[in-house]
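Trainee: This is the structure, below, for whatever I ask next.
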Amino acid sequence: MDLTLSPADEAFRAEARGWLRARVPSAPLPSLETAEGFAAHRAWEAELAAAGWSVVDWPTRYGGRACGLLRWLLFEEEYYAAGAPGRVNQNGIALLAPTLLGHGTPEQRARVLPPMATGEVVWAQAWSEPEAGSDLASLRSRAVRTDGGWLLSGQKTWSSRAAFADRAFGLFRSDPAAEKPHQGLTYVMFGLRDPGVTVRPIGRLDGKPAFAELFLDEVFVPDEDVIGEPGRGWAIAMATAADERGLTLRSPGRFLATAERLHALWRARGCPASSAGRVADALIGARAYQLFTYAAASRFLAGERLGPESSLNKVFWSEYDIAVHETALDLLGEEGEPADGEWAQRYVFALAGPIYAGTNEIQRDIVAERLLGLPKGRR
Amino acid sequence: MRFLPDPEQRAFTGSLDALLTAADTARVVREWSRGEHASGRALWSRIAEAGVFALAVPEAYEGFGPRPVELALAFVELGRHAVPGPLVETVMAAVLIDELGPAKRLLPALAAGRSMATVAHEGSYALDGDVADLRLSLSPGGLRLAPGGGPVRAGLDPARRLTRLRPGGELLAAGPPVPRALLWARLATAAQALGVGLALLERTVAYVGHRTQFGVPVGSFQAVKHRLADARIALEFARPLVLGAAVTMAPADVAAAKVSACEAAYATARTALQLHGAIGYTAEYDLSLWLTRARALRSAWGSPDVCRADVLDALI
């Protein structure tokens, strides 16, 4: 067992740190959930991409450095330690890109990935529907065959980033006669400003339009924007979920930096004994998450599949994130109340964690049934 | 960077697991609780033959140490099988005296399992002080070889038999390396607690899979599943802290491992008891061997709150 970094890994880390130190904006960008902030974050993606830092683990031909999983983790640690902006194209980079790299065609990769890497095209996700949340496979939005492609109709909701994003990806029912709900679904990409698409932004808890409803009325999707075989969308979406999403959706770097900031806040407030245990737990949790991820990455690099283990991960970080922000707001007292405060904004974001990307109840079912082997039952 | 046990380490834990599985440790624990130490002594020798205690003893004194990673892996197995005796204290004793004059006299016997040691701060309880061959007493004046122990009191975990050491005895060192020894004690305790938690989870998952009520296994109910999922999550995030602490032996990492493993094991114990229902609340049912151990390890060598404070202190 070995936690030491090679000189080459250390050099990579130092290079990232040097660049970030010089280029990270000294004042925080405006909120990602406003038109102005969205544009500023998009410009930051372009700056990252120009220096080769936006998608470090991708193949070089699409704008990456092919640096591997470990160096991606190191980059993320440096990125969040430097206080760099949130990633506006997270949905594309963490969810769609691994799907394309695993199941897309070379043509799709060459066409879709480079403008994703630069932030020129920002992606939203289109999974949930009004009647299909945790039971995602019951989704009803249709993809109907037409000449040279498909016509999408129906309603998607809770579509993160869709208020300002350019394109979206999601699952649509292409074979209503399929025997089981998760069969006959097709994975497609479409433009949010295509004819037939209506985007209605939804105010999240603090009123900011962080997500949107999408109404689709015979939206044309050409065949080249279908990922994988039509009707096989569920397996494709779940394959990437199981393999990489658990590792790449939230990197430990983010939580290490948050724990550090909380520790600094606690010290700035005179180290109140009443919060000491919770601050310690924040530091311990961030270290646990880092080491858990190093272990998972080591297994992944040794050729093991991670599978349902990503559900352990998701429950852990989403609950951790809320606990840390609650502790900060408690430490701040009334100073924590203004909605534009940094901790308050991050707290609102953290509150959504146990709900999106598969609720924590669904994740616990997966842990119980697939990792512990408990019998299936009524939900 | 390769944060995975290597094949040799996996083979070592596998053979230790096999040895302990064959040893009927539940019977050994119950005999140990009654003060019948013969079977426990025999098991101790076999654990020593497998090389466990030697991992804390330097090669100069007939050990293989210091090897904290292998030690942590071994203690997970000892915890999983509820092995009784002053396991942590023997490791701690080895570290306390490994740079002192009496090392040559005392350490080879510890490494070989010919003697077991207990350690206590002066005035507090020593684990298994009645049976230990070496009783070390820590006081501001230094480290002493205590002349003996007082009457035995059973712990909440009846296999943990407590005595107060008698004052006085041979002074071994005026300034023993207490902080270093405490790191090893905490690491071993954390690893043992992790093993206890894993065993509790495994037994409870098996129980709720065959216990039926309302015509179905109780393990098919979501309320039951989610408690067990939370136990698994807590244990899976404690594990890398324990192994990471063994790799770095940094005080903050070791304290973090102690907090995390003991909290996870204790939470799993509460879940295990609740999901077994009344049968789990009986001394007769073997689950009790792990339930009470989880409680004891939580307080041993630094409660969660003490270790949380140490995490903060280490970073200031």
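Line by line, the protein sequences give chains A and B. Each residue of the first sequence is one higher than the last, beginning at 14 in the numbering used here. Each residue of the second sequence is one higher than the last, beginning at 794 in the numbering used here. No residue lacks a Cβ here, since even glycine has one placed at the ideal position from N, Cα and C.
CA-CA distance, Ala370 (chain A) and Pro879 (chain B)?
Mentor: Whole-angstrom Cα-Cα distance: 47 Å.
Trainee: Determine whether the Cβ of Ser311 (chain A) lies closer than 8 Å to any Cβ atom of chain B.
Mentor: So yes, Ser311 (chain A) belongs to the interface.
Trainee: Note down, in chain order, each residue of its chain lying with its Cβ closer than 7 Å to the Cβ of Leu1080 (chain B), except the 5 sequence neighbours on either side.
Mentor: Only Arg996, Ala1065, His1069, Gly1073 meet the Cβ criterion.
Trainee: For Ala145 (chain A) versus Thr199 (chain A), is the C-beta spacing smaller than 8 Å?
Mentor: For Ala145 (chain A) and Thr199 (chain A), no; Cβs fall outside 8 Å.
Trainee: Would you verify that the beta carbon of His1003 (chain B) is, or is not, closer than 8 Å to some beta carbon of chain A?
Mentor: Closer than 8 Å: no.
Trainee: Just to make sure I have the definition right: I need the residues of chain B whose C-beta is within less than 7 Å of the C-beta of Phe329 (chain A). Which are they?
Mentor: Per Cβ cutoff of 7 Å: Ile1026, Phe1030.
Trainee: Quick one: Cα of Asn104 (chain A) to Cα of Ala137 (chain A), how far?
Mentor: Approximately 6 Å, taken between the alpha carbons.
Trainee: Using a C-beta to C-beta distance shorter than 7 Å, which residues of chain B count as neighbours of Val292 (chain A)?
Mentor: Residues of chain B passing the Cβ test: Leu1105.
Trainee: Helix, strand or coil for Glu824 (chain B), going by three-state DSSP, please let me know.
Mentor: Glu824 (chain B): helix per DSSP, three-state reduction.
Trainee: Quick one: what does DSSP say Arg957 (chain B) is sitting in, helix, strand or coil?
Mentor: Arg957 (chain B): strand per DSSP, three-state reduction.
Trainee: Mind checking if Asp188 (chain A) is an interface residue toward chain B, Cβ cutoff 8 Å exclusive?
Mentor: No, no contact with chain B.
Trainee: From the DSSP secondary-structure annotation, give me the bridge partner or partners of Tyr918 (chain B).
Mentor: Beta-bridge pairing links Tyr918 (chain B) to B:Arg957.
Trainee: Which residues mark the beginning and the end of the alpha helix (DSSP H) in which Trp85 (chain A) is found?
Mentor: From DSSP, the alpha helix (DSSP H) with Trp85 (chain A) extends over 81–94.
Trainee: Against chain A, does Lys1018 (chain B) count as a neighbour if the rule is that its beta carbon must be under 8 Å from one of theirs?
Mentor: Taking Cβ atoms only, chain A reaches closer than 8 Å to Lys1018 (chain B), which makes this a yes.
Trainee: With DSSP as the reference, label Asp353 (chain A) as helix, strand or coil.
Mentor: Coil, per DSSP.
Trainee: Out of A:Gly31, A:Trp57, A:Ala27, point me to the one whose CA is closest to Pro41 (chain A)'s CA.
Mentor: The residue with the shortest Cα to Cα distance from Pro41 (chain A) is A:Trp57.
Trainee: Put Met202 (chain A) into one of helix, strand or coil per three-state DSSP.
Mentor: If DSSP states are grouped into helix, strand and coil, Met202 (chain A) belongs with the strands.
Trainee: What would DSSP say about Ala981 (chain B), mapped onto helix, strand or coil?
Mentor: Ala981 (chain B) falls in the helix class under three-state DSSP.
Trainee: Would you call the region 263–281 of chain A and the region 1001–1021 of chain B in contact, with 3 or more CB pairs under 8 Å?
Mentor: They do not touch, by the three-pair rule.
Trainee: Does Gly961 (chain B) pass the burial test, meaning 16 or more other C-beta atoms within 10 Å, or should it be called exposed?
Mentor: Flag for Gly961 (chain B) reads exposed.
Trainee: Mind checking Leu964 (chain B): buried by the 16 CB within 10 Å criterion, or exposed?
Mentor: So Leu964 (chain B) counts as exposed.
Trainee: To be precise: take each residue of the region 258–283 of chain A, compare its Cβ to all Cβ atoms of chain B, and keep it if any distance is under 8 Å. Which residues remain?
Mentor: So the list reads His276, Arg280, given in the order they occur along the chain.
Trainee: Can you tell me which of the three DSSP states Gly807 (chain B) falls into?
Mentor: In the structure shown, Gly807 (chain B) sits in a helix (DSSP, three-state: H, G or I).
Trainee: Which whole-angstrom value is the C-beta distance of Arg928 (chain B) and Thr911 (chain B), which I expect to be below 8 Å?
Mentor: Right, the Cβ-Cβ distance comes to about 5 Å (below 8 Å), so this counts as a contact.
Trainee: Extract the residue ranges of the alpha helix (DSSP H) inside the region 184–254 of chain A, only unbroken runs of 4 or more that lie entirely within it.
Mentor: Listed in chain order, the complete alpha helix (DSSP H) runs (minimum 4 residues) inside the region 184–254 of chain A are 246–253.
Trainee: Have a look at A:Phe182, A:Arg263, A:Lys193 and flag the residue whose alpha-carbon is nearest the alpha-carbon of Ala150 (chain A).
Mentor: When only C-alpha atoms are compared, the closest one is A:Lys193.
Trainee: Would a check of beta-carbon distances place Gly1012 (chain B) closer than 8 Å to chain A?
Mentor: Interface residue, yes.
Trainee: From Leu325 (chain A) to Gly988 (chain B), what does the alpha carbon distance come to, in whole angstroms?
Mentor: So the alpha carbons of these two residues sit roughly 19 Å apart.
Trainee: Tell me, please, whether the CB atom of Gln1067 (chain B) is closer than 8 Å to any CB atom in chain A?
Mentor: Chain A contact via Cβ: absent.
Trainee: Hey, how far is the Cα of Leu864 (chain B) from the Cα of Arg953 (chain B)?
Mentor: Cα to Cα, the separation comes out at about 21 Å.
Trainee: Span of the beta strand (DSSP E) holding Lys1018 (chain B)?
Mentor: Run containing Lys1018 (chain B): none in the beta strand (DSSP E); it sits in the alpha helix (DSSP H), 1015–1041.
Trainee: What is the residue span of the alpha helix (DSSP H) that Arg1091 (chain B) lies within?
Mentor: That run of the alpha helix (DSSP H) goes 1080–1092.
Trainee: Does the region 1025–1032 of chain B touch the region 372–389 of chain A, meaning 3 or more C-beta pairs lie closer than 8 Å?
Mentor: Contact between the region 372–389 of chain A and the region 1025–1032 of chain B is present, because at least three Cβ pairs lie under 8 Å.
Trainee: List the residues of chain A whose Cβ lies closer than 8 Å to the Cβ of His1041 (chain B), in chain order.
Mentor: With the sequence shown as reference, residue 1041 (chain B) is identified as Thr, and His is not the correct amino acid for it. Going along chain A in sequence order, the residues near Thr1041 (chain B) (Cβ under 8 Å) are Leu16.
Trainee: Rounded to whole angstroms, what's the CA-CA distance from Thr814 (chain B) to Arg1032 (chain B)? Just pull it up for me.
Mentor: So the two alpha carbons sit approximately 21 Å from each other.
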